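In my numbering, the protein residues as written are 93 to 495.
C-beta atoms are modelled at their ideal positions from N, C-alpha and C, and glycine is treated no differently.
Just so you know, these numbers come straight off a predicted model, no measurement behind them.
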Amino acid sequence: MEDYRTRLAHLHHLWSIQSLSVAEQEEYVALLEQYGEAEVLGNMLDDSWATARDGGTFTGSDKVALAHRIISAAPPERLADTRVHLLRRWLAVAAVLLLLALVGWQYYVYTHRAAPILAVTDIAPGNNGAILTLGDGSQVVLDSLSDGIVAKQQGINAVISKGQLAYEATMAGQRDGEAVYNKMSTPRGKQFQLILPDGTKVWLNAATAIRYPTAFAGNERSVEVSGEAYFEVAPDKSKPFRVHFISAEGRRQGTVQALGTSFNVCAYQDDPAARITLLDGKVLVTPSQGDSKGAILVPGQQAALMNSQLANMKVQTADTSRVMAWKNGMLNLHNMALAEVMKQISRWYNIDVVYEGNIPDITFWGEISRSEHLSTVLGFMEESGIKFSIGDGGKQIIVKKSN
């Protein structure tokens, strides 16, 4: 009895903050179908809507009425035809979300008006921006530049178009001589898109850097990355594409080799492991140390290389929706420890994290949009029994466990 009550309450909370995944939506409706008595659902609603926005109370009769409305939106019977059953379930999911949207918004407005998380001006989410370091060492800040040429280097123009940087050869072509390397860096609180000279598309997450030539010569295409980046590699069988991911000491941790494929590299210097996740195609991941010949990944697999033991590499099945959440505009907290979550927040909101005492042993679930202000994200997290405050003039989040 208690198991399904607890799970219903958890799923109901995720819905109230608009963090239900598709699978969780289906589970929520299924539990309502099986255990959706008015008494149970009414009790479940006590904590969430004890007080309405206007100060009124949410009575027992109100709860029972809402419970019956939700239950009535669930499929009335299970059909033998699986396709019809799935259709009804999706309709039920839509009905539940639509029915409760107004109440959820009411709860959101009430809680944020009554008890703001931050005592200072709220912190906006990150946005597009990067620093481009040219071959001569000069730098160009890309944040607010309009479309057009931002740099000319040995017959190659660096061009901003629709919020991304690309490279175009001029009529004169590139002069003979040593390759010219550029470096694009995204500070904390910034992200950017890049099209490499061969047409490969790169998305850079916050606190990331990529070094690359302005033209790929010879028989390979090679770049260096630290941080997190997603690649959609332009096919060219005559020139393998290689990504070398770099450690905090500036040495190579390993290499990803691809011909034409899509993959994510997460190799932050303060993470315990570098992780390469394949979305499409095929890649060879090779550690820079040890005798390992590497491993070939198939779509949906992830290679993890521990920073302290680069010779050891583990290949496992990846949660690709979690891996790619950042590129899709989401903070994914599914089955993630507090310390991992706070690293994401620190990078995206450009703020330091300080723990008061030991780091609380808390695991989070669900996801929230990266477009939300910091107070909304922290408000969601405080439901798990932790408290936040702001220190150092708005430059720090102080984390402690609730009493």
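(Q) When you compare the CB positions of Thr528 and Ala271, do they come within less than 8 Å of one another, or not? (A) Because the chain is modelled from 93 through 495, residue 528 falls outside the range shown and cannot be assessed.
Q: Reducing DSSP to helix, strand and coil, say where Ala470 ends up.
A: The residue labelled residue 470 in the question sits at position 378 within the sequence shown. Residue 470 is actually Leu in this sequence, not Ala. Leu470 falls in the helix class under three-state DSSP.
Q | Distance, Lys492 Cα to Phe480 Cα | A | Position 388 of the sequence shown, counted from the first residue, corresponds to residue 480. Position 400 of the sequence shown, counted from the first residue, corresponds to residue 492. Approximately 7 Å, taken between the alpha carbons.
(Q) Checking 8 Å against the spacing of the C-beta atoms, do Asn424 and Thr455 come in under that value? (A) Here residue 424 refers to the residue found at position 332 of the sequence shown. Here residue 455 refers to the residue found at position 363 of the sequence shown. The answer is no: Cβ separation not under 8 Å.
Q.
I'd like the list of long-range same chain contacts for Arg313, defined as Cβ closer than 8 Å, with 5 residues on each side in sequence excluded.
A. Residue mapping note: residue 313 aligns to position 221 of the sequence shown, counting from 1. Contacts found: Leu288, Asp290, Thr292, Asp328, Lys331, Pro332, Phe333, Arg334.
Q: Leaving out five residues on either side along the sequence, give the residues of the same chain with a beta carbon under 8 Å from the beta carbon of Arg175.
A: Here residue 175 is taken as the residue at index 83 of the sequence shown, counted from 1. Below a pLDDT of 50, predicted positions are generally treated as unreliable, and Arg175, at 39, falls in that range; no measurement from the model is reported.
Q: Determine, using beta carbons only, whether Leu351 and Leu370 come nearer to each other than 8 Å.
A: What you label residue 351 is simply residue 259 of the sequence shown in a count that begins at 1. What you label residue 370 is simply residue 278 of the sequence shown in a count that begins at 1. Against a cut-off of 8 Å, the Cβ pair of Leu370 and Leu351 comes out as no contact.
Q) Under 8 Å between the Cβ atoms of Gly392 and Thr409? A) Sequence index remark: in the sequence shown, residue 392 carries index 300 (1-based). Sequence index remark: in the sequence shown, residue 409 carries index 317 (1-based). Yes, they are a contact pair.
Q. Do you know offhand how far Val357's Cα is from Ala321's?
A. To locate residue 357, count along the sequence shown from 1; it is residue 265. To locate residue 321, count along the sequence shown from 1; it is residue 229. Going by the C-alpha atoms only, they are around 5 Å apart.
Q | Asp444 versus Leu100, Glu119, Leu103, Ile215, residue with shortest Cα-Cα distance | A | Position 352 of the sequence shown, counting from 1, holds the residue named residue 444. Closest by alpha carbon: Ile215.
Q.
According to DSSP, simplified to helix, strand and coil, what is Val121?
A. On the sequence shown, position 29 is the one that residue 121 refers to. It is helical.
**Q.** Helix, strand or coil at Leu224 according to DSSP, with G and I counted as helix
**A.** Here residue 224 refers to the residue found at position 132 of the sequence shown. In the structure shown, Leu224 sits in a strand (DSSP, three-state: E or B).
Q | Cβ-Cβ distance between Gly240 and Phe284 below 8 Å | A | For the purposes of this step, residue 240 is taken as residue 148 along the sequence shown, with counting starting at 1. For the purposes of this step, residue 284 is taken as residue 192 along the sequence shown, with counting starting at 1. It is not a contact, given that the beta carbons lie outside the stated cut-off.
Q: Measure the C-alpha to C-alpha separation of Val242 and His336 and round it to an integer number of angstroms.
A: Here residue 242 is taken as the residue at index 150 of the sequence shown, counted from 1. Here residue 336 is taken as the residue at index 244 of the sequence shown, counted from 1. If you take the alpha carbons of Val242 and His336, they lie about 27 Å apart.
Q: Taking Pro250 as part of the beta strand (DSSP E), name the residues at either end of that continuous run.
A: Within the sequence shown, the letter at position 158 stands for residue 250. Checking the sequence, you will find Ala at residue 250 rather than Pro. Segment 248-253, the beta strand (DSSP E) holding Ala250.
**Q.** Cβ separation of Asn74 and Thr225, assumed to be a contact under 8 Å, to the nearest whole Å
**A.** The structure shown does not extend to residue 74, since the chain is modelled only from 93 to 495, so the question has no answer here.
(Q) By DSSP's criteria, Lys406 is part of a beta bridge. Which residues make up the other side? (A) Within the sequence shown, numbered from 1, the residue matching residue 406 stands at position 314. In DSSP, Lys406 forms a bridge with Ala396.
Q. Below 8 Å between beta carbons: does that hold for Gly281 and Asn297?
A. Residue 281 sits at position 189 when you count from the first residue of the sequence shown. Residue 297 sits at position 205 when you count from the first residue of the sequence shown. Cβ distance not < 8 Å, so Gly281 and Asn297 don't count as in contact.
Q.
What does the Cβ neighbour count give for Ala206, buried or exposed, with the cut at 16 atoms within 10 Å?
A. Sequence index remark: in the sequence shown, residue 206 carries index 114 (1-based). Residue placement at Ala206 cannot be trusted, given a pLDDT of 35 that sits under 50; what the coordinates show is reported in the next sentence. By the neighbour-count rule (16 or more Cβ atoms within 10 Å), Ala206 is not buried but exposed.
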